[in-house]
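Notes to accompany the following structure.
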Amino acid sequence: MSTYSNPFYIEFFPSSPAAITLAVVFITFTSFHVALLNYTKRLFAIPLIVGGAAEFAGFISRTVNTYDLANLQAYTAQNITLLAAPAVLNAGVHMFFGSIITASTFTRYSILRQSHLSPLLIICDGLGLLFQIWGLIKLIDPDDDDEIRWSSNIITGGLVVQVVVIGAFFVFATVFHSRLRKHNVIGLTKPRLRITLSMCTLYLVELLMLVRTGYRIGQFSQIQVGYLSTHEWPIFAFDAGLMVALLAISILWYGVDLDVREEPNTERQLEIPLGRLASVSHTDALRVKSSFDGRIGQKTVITV
Numbered sequence: 000m001s002t003y004s005n006p007f008y009i010e011f012f013p014s015s016p017a018a019i020t021l022a023v024v025f026i027t028f029t030s031f032h033v034a035l036l037n038y039t040k041r042l043f044a045i046p047l048i049v050g051g052a053a054e055f056a057g058f059i060s061r062t063v064n065t066y067d068l069a070n071l072q073a074y075t076a077q078n079i080t081l082l083a084a085p086a087v088l089n090a091g092v093h094m095f096f097g098s099i100i101t102a103s104t105f106t107r108y109s110i111l112r113q114s115h116l117s118p119l120l121i122i123c124d125g126l127g128l129l130f131q132i133w134g135l136i137k138l139i140d141p142d143d144d145d146e147i148r149w150s151s152n153i154i155t156g157g158l159v160v161q162v163v164v165i166g167a168f169f170v171f172a173t174v175f176h177s178r179l180r181k182h183n184v185i186g187l188t189k190p191r192l193r194i195t196l197s198m199c200t201l202y203l204v205e206l207l208m209l210v211r212t213g214y215r216i217g218q219f220s221q222i223q224v225g226y227l228s229t230h231e232w233p234i235f236a237f238d239a240g241l242m243v244a245l246l247a248i249s250i251l252w253y254g255v256d257l258d259v260r261e262e263p264n265t266e267r268q269l270e271i272p273l274g275r276l277a278s279v280s281h282t283d284a285l286r287v288k289s290s291f292d293g294r295i296g297q298k299t300v301i302t303v
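Here you go:
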């Protein structure tokens, strides 16, 4: 079943119903994100939409391949889009994390400034993606087994870069979150920021991304003989299914108040337990109070 000397489709015929189903699922969730972008104007939605569209295009191309196994164009398109889509989706995750830091107003608890953190993660993810695409292009029509191994190693190297980026994200996120908890300032953030829930969803989607990347590393490290390469179900369980879950979870982010401004001439009441008030630093207390009082004559009342 192998065509044009490529090492894929050796042990199985790709499933047309599965590919069509996933294409429908991805275009459905992508449409939700398009509608929510139009309503909320949240910029993190753009990479999520592009990534979802890439997944849709990939499974449409896979559907074409199920009816024409010798179609090299469809084979190339599906592999590039399905390999690239998660990296694009991850850019949306990084953008949302940066927005959470800014909206919390406690940016100094982040290891890096938000203006540097998100671009750094996105650029490193992009670098890993370039290696993957380079290796995949060479793998599509290899001359011999040595080129197959070399191309697979390039792709694996790009995936390892993405694992490093995911690890860096967990460091940045957990340090920021733990510092907020340590200084007891989570209660001083806007209730609609839902910072604890937002951070938990970020941890979850990055864990999904880590599992997916680990699966791909296993697949390309044993490209010709490995179980992951000779069976179709793992790509649905450990790649496509996890990315569907990411798109579903990220819908929750549109309900988070990421705006820094406050409504004018209103009273903001901060409910702070007496036992916690003493643990809030004087600097944080003054900073929060001035951040509310300084906005168009807004009054702050602290209730203990």
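Each residue of the sequence shown is one higher than the one before, counting from 0 in numbering that gives the first Met the number 0.
Ideal Cβ placement from N, Cα and C applies to all residues, glycine included.
- Boundaries of the alpha helix (DSSP H) harbouring GLN72: 71 to 103, taken from the DSSP string.
- Distance from the Cα of ASN64 is smallest, within the candidate group THR229, SER14, THR104, LEU81, for SER14.
- It is roughly 15 Å from the alpha-carbon of GLY156 to the alpha-carbon of GLY166.
- Distance from the CA of GLY217 to the CA of ILE194, rounded to the nearest whole angstrom, comes to 35 Å.
- The C-beta distance from GLY57 to ALA84 rounds to 7 Å, short enough to meet the 8 Å contact threshold.
- In the three-state reduction of the DSSP assignment, VAL184 falls in the coil class.
- In the displayed model, LEU241 falls within a helix according to three-state DSSP.
- Each residue's CA atom was taken as its position, placing VAL259 and THR104 some 8 Å apart.
- Cβ-Cβ distances below 8 Å link LYS137 to GLU146, TRP149, SER150, ILE153 in the same chain, with the five nearest sequence neighbours on each side left out; the list follows chain order.
- Of all alpha-carbon atoms in ALA18, ASN183, VAL87, PHE175, the one lying nearest the alpha-carbon of PHE55 is that of ALA18.
- Counting C-beta atoms within 10 angstroms of its own C-beta, LEU196 has fewer than 16 neighbours from the protein chains shown and is therefore classed as exposed.
- For the pair SER117 and GLY91, the Cα-to-Cα distance works out to about 10 Å.
- With a cutoff of 9 Å on beta-carbon distance, ALA44 and LEU35 are scored as near each other.
- TRP133: member of the alpha helix (DSSP H) spanning 113 to 139, first to last residue.
- Around ALA172, the same chain offers PHE96, MET198, LEU201, TYR202, GLU205 as residues with beta carbons nearer than 8 Å, after the five sequence neighbours per side are excluded.
- Counting along the chain, THR39 sits inside the alpha helix (DSSP H) bounded by residues 15 to 39.
- Sorting ARG215, TRP232, LEU257 by C-alpha distance to the C-alpha of ALA86 places ARG215 at the top.
- The Cβ-Cβ distance between ASP124 and VAL160 falls below 9 Å.
- Annotated three-state conformation of ASP143 is coil, per DSSP.
- For SER60, the CB contacts under 6 Å within the same chain, skipping 5 residues up- and downstream, are ALA73, ALA76, GLN77 in chain order.
- Scanning its chain for C-beta atoms nearer than 8 Å, with the 5 sequence neighbours on each side dropped, one finds around ARG112 the residues THR106, in chain order.
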